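Add 22 to a position in the first sequence, counting from 1, and you land on the number used in the numbering used here.
Don't be surprised by glycine CBs; every beta carbon is placed ideally from N, CA and C.
As the structure is a prediction and not an experimental result, all values here were calculated from the model.
Notes follow once the structure below has been shown.
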Amino acid sequence: MARPNDEVEELLQEYADLLAITGGDAFKVRSYEKAARAIGGYHEDVSTLDGKALRAIPGVGKSIADKIVEYFATGSVQAVEEVRATMPAGVRELIAIPTLGPKKAAVLHDDLGITSVDQLVEAIEAERLRGLKGFGPRTEENILHGVRLLRQAGGRVLLNVALDVADAVIAELTAVTGCERCVYAGSLRRFRETIGDVDILAAAKDSEPLMRAFRSMSFVDEVIAAGEKKTSVRTTKGLQVDLRVVPLDAWGAALQYFTGSQAHNVRTRVMAVQAGLKLSEYGIFDAETGALIVSKTEEEVYHRLGLPWIPPPLREDRGEIEAALRGELPELVTEADLRGDLHTHTDLTDGVASLEDMVHAAAQRGLDYYAITDHAPDMPMQRMSDEKVLAQRRRVRELDGTVHGLRLLHGTELNIGPDGDVDWPEDFLRGFDIRVASIHSHFTQDRATMTRRLVRACENPCVDILGHPTARLIGRRLPVDVDLAEVFRACARTGTAMEINSAPDRLDLRDEDILLARRYGVMFAINSDAHAEPHLDLVRYGVGTAQRGWLTAADVINTWPLRRLRTFLAHKPTR
DNA sequence: GCCGTTTTCGGCCCGACTGTTTTCAGTCG
């Protein structure tokens with residue numbers, strides 16, 4: 023189901039985790055983690071590569087290349103199986119809890135026999151951790167808080183995970199004889215940031231061949247319900263997938279119904295009732311006679327209710343019905359509108375691909391311009407220096423315009439320190455074409471301090487974009503506590519753009535914050551924050567999030583022609 | 001386990017923060 027590279031990345035990461043828990047050499051653990059990332063971000067399908075080609079991937083040597091070859095030849099890796107046999111899978115789940123790492127997980131397993139998150143919570147409640155070396159009251163509190171955070175996602179998965187599953191299901195069902203149409207609907211079609219279950223809609227005269235194919239897919243773990251119109255399964259990863267099959271004639275009504283949201287559907291059904299109609303997943307009917315009026319396309323359904331077609335990301339009952347009635351629906355920004363990417367990394371810092379490879383991949387995407395924004399020296403782990411970044415700039419200048427005409431901007435991702443300062447003095451900062459500034463630490467400052475910190479960053483004449491502004495990681499870290507309205511005011515006043523970071527575990531700003539920011543006249547940048555070539559495609563999630571925030575192309579600075587962008591960057595009012 | 005204008009061994013991303021400690025281990029970015 024997943025890309026072969028993703029499978030290998032997951033396998034190597036699992037091996038690294040298990041090695042860490044079982045007390046393996048820390049450098050060896052890191053080697054596997056690094057190789058996992060490199061393979062996940064590698065542009066070629068690793069299942070098609072031989073040992074020699076695999077060893078050409080940075081971070082992959084003989085041992086790991088052999089394991090990858092073994093994996094594709096036999097379906098498993100002996101060394102991984104051996105360590106799996108000694109450590110239950112549930113122990114690895116423990117380290118997904120924030121503040122709980124491999125060492126503590128090992129103690130919990132070895133001393134208390136804990137092999138799952140549930141058992142850990144029980145053990146804390148039964149006070150069985152008391153007296154355990156290294157576990158005090160704060161540790162217990164932090165673990166319980168971490169578990170709550172994990173569960174807050176409520177079994178929901180990230181957008182990219184759900185989309186991979188949906189794409190795989192659709193590819194298989196589309197190939198079944200008799201399948202006339204097959205798409206995903208539900209919250210996935212609306213681009214919600216997390217997905218509870220994947221809704222697939224198909225059209226066919228006879229549903230049984232589709233249902234049979236669906237039930238027998240390789241990743242189905244359990245069939246929850248199996249009927250003529252609807253089948254529900256749970257995948258091996260625990261994600262529920264529902265398949266609905268309708269006659270082609272009912273396509274539009276069914277798609278409208280199964281796309282939701284529920285709140286939006288309530289509104290449309292009430293509108294139908296008020297017009298003497300009845301709206302269901304089978305069509306719009308005359309309430310009196312029961313006669314079918316329309317059902318074939320979503321456009322017809324909306325038009326019969328006196329509405330233009332409403333883009334799915336808007337269907338949340340957040341004013342879209344009223345805007346539609348007034349004829350004021352926004353012309354939403356699309357992926358095709360994006361001319362550039364303004365936040366990306368290379369292997370000079372924590373990316374896994376070279377400058378040249380990233381530039382070629384960006385050119386392949388058909389972008390007009392592309393900014394390289396590696397980390398600055400205030401994040402010591404990145405080992406950035408003036409010399410390194412200036413050497414990179416020279417190389418960027420050489421490459422500028424030479425790869426399919428792609429124009430290059432030399433930038434940096436600055437670190438916003440606890441008091442709002444950033445790396446490098448102003449004269450050095452002015453040497454960059456573009457500067458993103460982001461929070462990477464001190465996430466727990468109080469609201470007033472955090473607000474001052476971000477406002478100060480905006481007021482810095484050399485900060486062009488606030489990167490992942492709330493620093494949240496979905497399911498793992500809450501957004502920082504900050505008065506966003508105050509920050510948006512500062513952004514609007516200083517001409518600082520807000521990033522919509524497209525990484526599926528960030529999506530930061532999130533949709534509701536975008537809706538608010540827009541009211542303050544803030545400008546936005548939809549960026550990939552790519553650390554590898556395939557990440558450049560992640561902007562689809564950033565665009566979906568921007569659409570949920572009602573943004574048009576005019577609101578997004580990287581839809582502008584380069585000239586206009588450069589003017590924007592050069593004319594920060596505080597500069 | 002990987003890697004090499006310090007090259008086949010001996011380094012390896014390094015500093016800050018937190019909580020449990022009484023000098024430091026674990027986690028995180």
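Run through DSSP, which three-state label would residue i get?
i	result
ILE461	coil
THR516	helix
THR216	strand
GLN262	strand
HIS490	coil
PHE157	coil
ASP443	coil
LEU329	coil
LYS74	helix
GLY62	helix
LYS318	coil
SER302	strand
GLY274	helix
PHE307	strand
ARG499	strand
LYS594	coil
THR96	helix
Between the C-alpha atoms of residue i and residue j, what's the straight-line distance to the nearest angstrom?
i	j	result
LEU154	GLN141	16 angstroms
ASP219	ALA57	32 angstroms
LEU336	LEU430	34 angstroms
GLU534	GLU303	29 angstroms
LEU538	PRO352	15 angstroms
SER283	SER209	7 angstroms
THR611	HIS464	Since the displayed the chain opens at 23 and closes at 597, residue 611 lies outside it and no answer follows.
VAL258	ASP379	The sequence shown places Thr at residue 258, rather than the Val named in the question. C-alpha separation (whole angstroms): 35 angstroms.
GLY341	ILE332	11 angstroms
ILE217	VAL179	5 angstroms
ARG416	GLY566	35 angstroms
ASP372	THR96	33 angstroms
GLU250	ILE117	42 angstroms
SER85	ALA375	21 angstroms
GLU320	LEU347	16 angstroms
PRO110	ILE165	20 angstroms
ALA413	TYR54	30 angstroms
GLY305	GLY328	15 angstroms
VAL269	ALA313	First, the residue type needs correcting, since residue 269 is Pro and not Val in the sequence shown. Each residue's Cα considered, the two are about 17 angstroms apart.
GLY427	ASP67	27 angstroms
SER407	ASP396	11 angstroms
THR108	VAL169	25 angstroms
Taking Cβ to Cβ, would you say residue i is nearer than 9 angstroms to residue j?
i	j	result
ASP455	ARG361	no
ASP132	ARG25	no
ALA226	CYS201	yes
LEU389	ALA568	no
LEU91	ASP72	Sequence inspection shows Val at residue 91; the Leu mentioned does not correspond to that position. For VAL91 and ASP72, yes; Cβs fall inside 9 angstroms.
ALA383	GLU435	no
ASN549	ILE487	yes
ALA276	ARG266	yes
LEU411	LEU451	Residue identity check: residue 411 is Val in the sequence provided, not Leu. Contact flag unset, no.
GLY62	PRO402	no
PHE546	ILE496	no
GLU244	ARG234	no
GLY349	PRO334	no
LEU529	GLY564	yes
HIS65	HIS367	no
ALA75	ARG52	no
VAL418	ALA459	no
ASP621	ARG475	With the chain running from 23 to 597 in the structure shown, residue 621 is simply not present.
ALA48	VAL82	no
ARG469	ASP443	no
PHE157	LYS126	yes
Per the DSSP calculation, residue i is bridged to which residue(s)?
i	result
ILE165	None; ILE165 has no bridge partner.
HIS432	ILE394
GLU244	ARG256
ASN182	Partner(s): none; ASN182 has no beta bridge.
ALA224	CYS204, VAL267
SER229	Its beta-bridge partners do not exist; DSSP assigns none.
GLY362	TYR391
LEU354	THR574
ASN437	SER460
ARG588	BP columns for ARG588 are empty, so no partner.
- Query: Taking only runs of the beta strand (DSSP E) that begin and end inside the region 512–586, which ones reach a length of at least 3 residues, in chain order?
  - Reply: You should have 519–523, 546–549.
- Within the region 106–152, note down every full alpha helix (DSSP H) run reaching 4 residues or more, in order along the chain. Restricting attention to alpha helix (DSSP H) runs no shorter than 4 residues, the region 106–152 encloses them at 111–116, 124–134, 139–147, ordered along the chain.
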